[in-house]
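Student:
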Amino acid sequence: MDQVVRILFLGASRLVGLMERFHTAAAVEGVRVELISLDDASPWHPIQVAGVAQVIPGPQFLSPEFERFLVSLVREMRIQAVLPSIDPATIALAAAHSALADAGALAVVSSYALCKTMADKVLADEFFTRHALPVPDQSTFPLVAKPRGGSSSRGHIVFRDKEELEFWRARNDCSNYIIQAFIMGTEYSVDAFVSADGHCLGAIPRQRIVTSGGEVMVTRTEQNKPVEELALRLLSLPGWFGPLNVQIMDTQAGPVLIEVNPSTGSGIPCGIEAGLDFPRWIIRQVLGRPTPTEPVNWKPGLIMTRSRKDYFIWSS
């Protein structure tokens with residue numbers, strides 16, 4: 078294994094399972110992979126403590142100096158591919174796409190316009206509506222207010238009737254929120270990957286069975302054609318590239334699109350294990366080897382459950 082592939086992640090801090098799958102994919106391809114993540118300067122990032130990736134501190138992803146820092150790091154460390162792991166990283170990476178290509182690195186990220194849109198719930202809702210994709214309505218109680226740039230269901234406020242809504246509106250800046258119907262149903266995360274030429278190589282629905290702090294702890298892949306078809310309709314639109322996570326609520330009236338995260342979500346190892354082997358595809362693309370051109374077969378009924386593993390490091 079003399080050949081080395083160097084891959085940089087933006088904000089992968091806790092994604093130990095994902096890093097392990099990149100190492101596995103590299104072994105299958107007969108190469109060695111070096112994984113690096115740009116995070117803050119804290120010494121306790123699990124990926125580094127677990128020994129699956131190196132952590133390098135850098136500026137905030139959306140800071141003015143970030144692109145210059147990123148391109149310099151890519152050149153210095155001869156990095157061949159860069160992936161985002163959190164929302165701000167998608168925007169920063171998409172903005173640096175051309176500069177990274179000049180530096181010899183593949184930016185595995187959707188277009189800048191899509192990343193900016195998906196990071197803002199109001200703009201995302203307008204985008205979905207413009208493309209005739211089903212979204213929650215904005216007039217049926219109960220309603221829920223969500224911060225425009227929020228994630229993991231943080232800061233959501235539910236209103237049972239018009240009186241509660243008007244009371245809240247009188248005391249808050251509504252322009253910072255999207256207000257939609259509080260819909261009930263089965264929540265699905267759809268793990269997907271869109272190739273560089275715009276083909277979706279798989280969209281795997283999985284039910285979020287147990288969550289903690291907005292992060293999935295138990296999940297199961299399920300065959301749900303309407304949910305899968307909605308995700309595929311969305312991902313047939315131009316501009317997507319790389320791993321994505323599509324949030325869909327399957328209601329009595331049919332599936333409804335909630336949001337899209339154009340990055341490597343925390344539950345993505347379940348999708349990889351089920352057949353969406355994008356770590357291998359990215360490594361193969363970097364090496365100039367053929368990658369799939371048709372959607373892959375995947376396995377329903379696969380359950381991923383997580384346990385909390387303890388690591389210990391001395392602070393001095």
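In short: position in the sequence shown from 1, add 77, done, that's this note's numbering. All C-beta atoms, glycine included, are put in the ideal place defined by N, C-alpha and C.
#1: Sorted by chain position, which residues of the same chain lie with C-beta nearer than 7 Å to Leu242's C-beta, five sequence neighbours on each side aside?
#2: Cβ of Phe355 within 8 Å of Cβ of Pro320?
#3: Going by C-alpha to C-alpha distance, which of Asp79, Gly128, Asp202 sits closest to Glu336?
#4: Starting from Arg207 and walking both ways along the alpha helix (DSSP H), at which residues does that stretch end?
#5: DSSP beta-bridge partners for Cys277?
#6: Who are the near neighbours of Ala172 in its chain, counting only those whose CB is closer than 7 Å to its CB and skipping five residues on each side?
#7: Here's the rule: buried if 16 or more other CB atoms are within 10 angstroms of the residue's CB, otherwise exposed. What is Pro161?
#8: Using the C-alpha atoms, what's the distance from Glu153 back to Phe146?
#9: With DSSP as the reference, identify every bridge partner of Asp214, one or two as the case may be.
#10: Could you spell out the range, first to last residue, of the beta strand (DSSP E) harbouring Leu87?
#11: Pull up the distance between the alpha-carbon of Glu264 and that of Ala222, whole angstroms please.
#12: Indicate the three-state DSSP secondary structure (helix, strand or coil) for Gln329 in the structure shown.
#13: Using a threshold of 8 Å, state whether the C-beta atoms of Ile281 and Leu353 are closer than that.
#14: Which runs of the alpha helix (DSSP H) at least 4 residues long sit entirely within the region 151 to 178? Give them in chain order.
#15: Would the beta-carbon of Val163 fall within 8 Å of that of Ile84?
#16: Please tell me whether Arg225 and Asn253 are closer than 8 Å, where the distance is taken between their beta carbons.
#17: Quick one: what's Tyr254 bridged to in DSSP?
#18: What's the C-alpha gap between Pro136 and Lys302?
#19: Assuming Ile113 is part of the beta strand (DSSP E), what are its boundary residues?
#20: What is the rounded straight-line gap between the Cα of Gly316 and the Cα of Cys277?
#21: Could you pull out every residue in the same chain whose Cβ sits closer than 6 Å to the Cβ of Pro372, ignoring the five residues on either side in sequence?
#22: Using only the alpha-carbon positions, how far apart do Thr328 and Thr167 sit?
#23: Could you compute how far the alpha carbon of Ala178 sits from the alpha carbon of Phe259?
#24: Can you tell which of Gly290, Val151, Pro332, Gln125 has its C-alpha closest to the C-alpha of Leu309?
#25: As an exercise, report each continuous beta strand (DSSP E) stretch of at least 3 residues that is fully enclosed by the region 319 to 384, in chain order.
#26: Could you check whether Val199 and Cys192 sit closer than 8 Å to each other, using their CB atoms as the reference points?
#27: What residue range does the beta strand (DSSP E) around Met261 cover?
#28: With the cut-off set at 8 Å, would you say Leu334 and Val212 are in Cβ contact?
#29: Taking C-alpha atoms, which residue in Thr370, Val148, Gln131, Thr101 lies nearest to Val271?
#30: Pick helix, strand or coil for Ser149, following the three-state DSSP scheme.
#31: Can you find a C-beta in chain B that's less than 8 Å from the C-beta of Ser266?
#32: Tell me the rounded alpha-carbon separation between Ile390 and Trp121.
#33: Mapping DSSP to helix, strand and coil, what is Val297?
Tutor: Reading off the structure:
#1: In the sequence shown, counting from the first residue as 1, residue 242 sits at position 165. The residues are Leu220, Phe236.
#2: Taking the sequence shown and counting its residues from 1, one reaches residue 355 at position 278. Taking the sequence shown and counting its residues from 1, one reaches residue 320 at position 243. In this structure, Phe355 places its C-beta atom within 8 Å of the C-beta atom of Pro320.
#3: One-based indexing of the sequence shown puts residue 336 at position 259. Among Asp79, Gly128, Asp202, the Cα nearest to that of Glu336 is on Asp202.
#4: Counted from its first residue, the sequence shown places residue 207 at position 130. Note, Arg207: alpha helix (DSSP H), 198 to 207.
#5: Your numbering for residue 277 matches position 200 in the sequence shown. In the DSSP output, where bridge partners are listed per residue, Cys277 has Val271.
#6: For the purposes of this step, residue 172 is taken as residue 95 along the sequence shown, with counting starting at 1. The residues are Glu144, Tyr189.
#7: Here the question's residue 161 lines up with position 84 in the sequence shown. Under this definition Pro161 is a buried residue.
#8: In the sequence shown, residue 146 corresponds to position 69, counting from 1. In the sequence shown, residue 153 corresponds to position 76, counting from 1. Each residue's Cα considered, the two are about 10 Å apart.
#9: Your numbering for residue 214 matches position 137 in the sequence shown. Paired residues: none, contrary to the question.
#10: One-based indexing of the sequence shown puts residue 87 at position 10. 81 to 87 is the span of the beta strand (DSSP E), which, as asked, contains Leu87.
#11: Indexing the sequence shown from 1 puts residue 264 at position 187. Indexing the sequence shown from 1 puts residue 222 at position 145. Each residue's Cα considered, the two are about 18 Å apart.
#12: As a position in the sequence shown, residue 329 is number 252, starting the count at 1. Here Gln329 sits in coil by DSSP.
#13: As a working note, residue 281 is residue 204 in the sequence shown. As a working note, residue 353 is residue 276 in the sequence shown. Cβ atoms of Ile281 and Leu353: closer than 8 Å.
#14: Counting whole runs of 4 or more residues, the region 151 to 178 contains the alpha helix (DSSP H) stretches 164 to 172.
#15: To locate residue 163, count along the sequence shown from 1; it is residue 86. To locate residue 84, count along the sequence shown from 1; it is residue 7. A small correction: the amino acid at residue 163 is Ile; Val does not occupy that position in the sequence shown. Not in contact: Ile163 and Ile84 (Cβ atoms no closer than 8 Å).
#16: Residue mapping note: residue 225 aligns to position 148 of the sequence shown, counting from 1. Residue mapping note: residue 253 aligns to position 176 of the sequence shown, counting from 1. Taking 8 Å as the Cβ cut-off, Arg225 and Asn253 qualify as a contacting pair.
#17: Locating residue 254 in the sequence shown gives position 177, counting from the first residue. Paired residues: Pro224.
#18: Position 59 of the sequence shown, counting from 1, holds the residue named residue 136. Position 225 of the sequence shown, counting from 1, holds the residue named residue 302. Roughly 42 Å between the two C-alpha positions.
#19: Taking the first residue of the sequence shown as position 1, residue 113 is located at position 36. Where Ile113 is concerned, the enclosing beta strand (DSSP E) stretches over 109 to 116.
#20: Start at 1 with the first residue of the sequence shown, and residue 316 comes out as number 239. Start at 1 with the first residue of the sequence shown, and residue 277 comes out as number 200. If you take the alpha carbons of Gly316 and Cys277, they lie about 12 Å apart.
#21: Position 295 of the sequence shown holds residue 372. Cβ neighbours of Pro372 beyond the five flanking positions: Leu278, Gly279.
#22: Locating residue 328 in the sequence shown gives position 251, where the first residue counts as 1. Locating residue 167 in the sequence shown gives position 90, where the first residue counts as 1. Computed Cα separation, rounded: 30 Å.
#23: Working through the sequence shown from its first residue, we reach residue 178 at position 101. Working through the sequence shown from its first residue, we reach residue 259 at position 182. Answer to the nearest angstrom: the Cα atoms are 43 Å apart.
#24: Reading the sequence shown from its first residue, position 232 is the one you call residue 309. Measuring from the Cα of Leu309, the nearest candidate turns out to be Pro332.
#25: 319 to 328, 331 to 338, 380 to 382
#26: Within the sequence shown, the letter at position 115 stands for residue 192. Within the sequence shown, the letter at position 122 stands for residue 199. No; because the gap between Cβ atoms is not below 8 Å, this pair is not in contact.
#27: As a first step, residue 261 is located in the sequence shown; it is residue number 184 there, counting from the start. Note, Met261: premise wrong, no beta strand (DSSP E); not H, not E.
#28: Your numbering for residue 334 matches position 257 in the sequence shown. Your numbering for residue 212 matches position 135 in the sequence shown. For Leu334 and Val212, yes; Cβs fall inside 8 Å.
#29: Residue numbering aside, residue 271 sits at position 194 when the sequence shown is read from its first letter. Minimum Cα distance to Val271 is reached at Thr370.
#30: Within the sequence shown, residue 149 is the residue found at index 72, counting from 1. Looking at Ser149 - three-state DSSP - the assignment turns out to be helix.
#31: Going by chain labels, chain B is absent from the structure shown, which holds only one protein chain.
#32: Numbered from its first residue, the sequence shown carries residue 390 at position 313. Numbered from its first residue, the sequence shown carries residue 121 at position 44. Cα-Cα distance, rounded: 8 Å.
#33: Here residue 297 refers to the residue found at position 220 when the sequence shown is read from its first residue. The amino acid occupying residue 297 in the given sequence is Arg; Val does not appear at that position. Correct three-state label for Arg297: strand.
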